[in-house]
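Accompanying notes for the structure given below.
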Amino acid sequence: MSGVKIAGVGKGLPKKRVNNFELESYIDTSDRWIQERTGIKNRYISTGETTLDIAYEASKDAINKAKIKLEEIDLIIVATVTPDCFTPSVACLLQGKLGLGDKKVMAFDINAACTGFIYAMKIAKELIDGKQSKCALVLGAEILSKVVNWKDRNTCVLFGDGAGAAILKESEEESILYSMAYSKPDEKEFLHINSIGVNNLFCKNENDTHLTMNGKEVFKFATSSIKYSIKDILEKSGLNIDDIKYFVPHQANYRIIKNVAVDLKIDESRFFINIDEYANTSSASIPMALSEMYERNLISNGDYIVLVGFGGGLTWGASLIRWVS
215 MSGVKIAGVG
225 KGLPKKRVNN
235 FELESYIDTS
245 DRWIQERTGI
255 KNRYISTGET
265 TLDIAYEASK
275 DAINKAKIKL
285 EEIDLIIVAT
295 VTPDCFTPSV
305 ACLLQGKLGL
315 GDKKVMAFDI
325 NAACTGFIYA
335 MKIAKELIDG
345 KQSKCALVLG
355 AEILSKVVNW
365 KDRNTCVLFG
375 DGAGAAILKE
385 SEEESILYSM
395 AYSKPDEKEF
405 LHINSIGVNN
415 LFCKNENDTH
425 LTMNGKEVFK
435 FATSSIKYSI
445 KDILEKSGLN
455 IDDIKYFVPH
465 QANYRIIKNV
475 AVDLKIDESR
485 FFINIDEYAN
495 TSSASIPMAL
505 SEMYERNLIS
515 NGDYIVLVGF
525 GGGLTWGASL
535 IRWVS
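Here you go:
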């Protein structure tokens, strides 16, 4: 065994699909305003489903597509900024819901915001390469509808709920050729979600827990970090732009992706885009995109794909993968 194969991908969604016209009933906005600024038409919003619920659905989908036995899984990593509770982690709860409570599994959550799946996949590969795991379930899962401010029309229309999952397993073939993940402190709080605040014997400081975002600054950071990540990963891998079949960016805003495509002189058709259907699902957007690409038969054995993310923290990163059927 010498590599790590992406054996299967899957996604999970809440049942309720909400289009822009329905949002007009609740928020001072319009379908035209949202589409022109973001490219978003629809999103899925929880009506009671938890982060665990949709993570479970994505996991089952990925496990079925990978055609593995459930008991093969010995590592679960969930990337999320919207866990159902501080502890237990979504990963530990998922271990139980999958029926793996009696198995020797290492399960934990990570928070790298919208770059979370890139981080989680890198961690899983290194654990498998280091012989500490043989088969990993890696997810990005978010119920962002519980942290957005539904009175802030500039941000609430951008986000949706969803989960994406991948099975990574020890293999003679290598799917993940190169990964990079970086961070720097967001000292000006361009993208921020407060905790519930301090409330102890000596100090009370209840915070507004809603997501806040400086859209202009996030746009600048997003475009620069995506361009840097693509150039960096191609340089380190020795490949060039023409070798890549698809670029799969975090789905934050269509205008961000278009800007990158123009600046790097890459035909926009080579960027997989599904933000129109799901909106920004943070750490879930990249694995959900991979799952949809698989379902639509857009990727074939041997195809090179670049996954690229950016998010709060600030974080950014990319993975170069070679699809192995």
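Position 148 of the sequence shown, counting from 1, maps to 362 under this note's numbering, and the rest follow consecutively. Glycine residues also receive a C-beta, built at the ideal position from the N, C-alpha and C atoms.
On the DSSP letters alone, give me the boundaries of the beta strand (DSSP E) that Cys-349 sits inside.
349-356
Is the beta carbon of Pro-501 sitting closer than 8 Å to the one on Ala-380?
Closer than 8 Å, so yes.
Sequence-distant residues of the same chain with beta carbon closer than 7 Å to Ala-269, five excluded per side:
Gly-226, Val-292, Val-304, Leu-308, Leu-353, Ala-355 and Ala-377
Contact between the segment 330-340 and the segment 487-500: three or more CB pairs below 8 Å?
Because the criterion of three Cβ pairs below 8 Å is met, the segment 330-340 and the segment 487-500 touch.
If we call anything under 8 Å between Cβ atoms a contact, is Asn-256 one with Asp-245?
no
What is the C-beta distance between Ile-290 and Cys-349, in whole angstroms, given that I count them as a contact (C-beta under 8 Å)?
Ile-290 to Cys-349, Cβ: 10 Å. No contact.
With DSSP as the reference, please indicate the residues paired to Phe-485 in a beta bridge.
Phe-461
Quick one: what does DSSP say Tyr-258 is sitting in, helix, strand or coil?
Here Tyr-258 carries a strand assignment [DSSP, helix/strand/coil].
Could you check which residue in Tyr-468, Val-371, Ser-483 and Ile-248 has the C-alpha nearest to that of Asp-456?
Ser-483
For Ile-480, which of helix, strand or coil comes out of DSSP?
Residue state, collapsed to three classes: coil.
In the structure shown, what three-state DSSP assignment does Ser-539 receive?
coil
Less than 8 Å separating the beta-carbons of Asn-363 and His-424?
Going by C-beta atoms, Asn-363 is nearer than 8 Å to His-424.
So which of Lys-360, Lys-383 and Ser-385 has the shortest CA-CA distance to Phe-373?
Lys-360
So, helix, strand or coil for Arg-231, using DSSP?
strand
What span of residues does the beta strand (DSSP E) with Ile-290 cover, start to end?
289-293
For Leu-284, count neighbouring C-beta atoms within 10 Å of its own C-beta (all shown protein chains included) and say buried if the count is 16 or more, exposed if not.
Looking at its Cβ environment, which holds fewer than 16 other Cβ atoms inside 10 Å, Leu-284 is exposed.
Which first and last residues belong to the beta strand (DSSP E) in which Val-432 is found?
Element bounds for Val-432: not the beta strand (DSSP E) but the alpha helix (DSSP H), 429-451.
Starting from Glu-263, follow its DSSP beta bridges and name the residues at the other end.
As DSSP reads the structure, Glu-263 sits in no beta bridge.
Count the other CB atoms, across all protein chains shown, that sit within 10 Å of the CB of Tyr-460; report buried if there are 16 or more and exposed otherwise.
buried
Pick from Leu-358, Ser-439, Ser-514 and Phe-435 that is closest to Ser-260, judged by C-alpha positions:
It is Leu-358.
Considering only C-alpha positions, which residue in the set Arg-510, Asn-467 and Lys-339 is nearest to Ile-489?
Residue Asn-467 is the option with its Cα nearest to Ile-489.
Taking the CB atoms as reference points, tell me whether Ala-272 and Lys-336 lie closer together than 8 Å.
no
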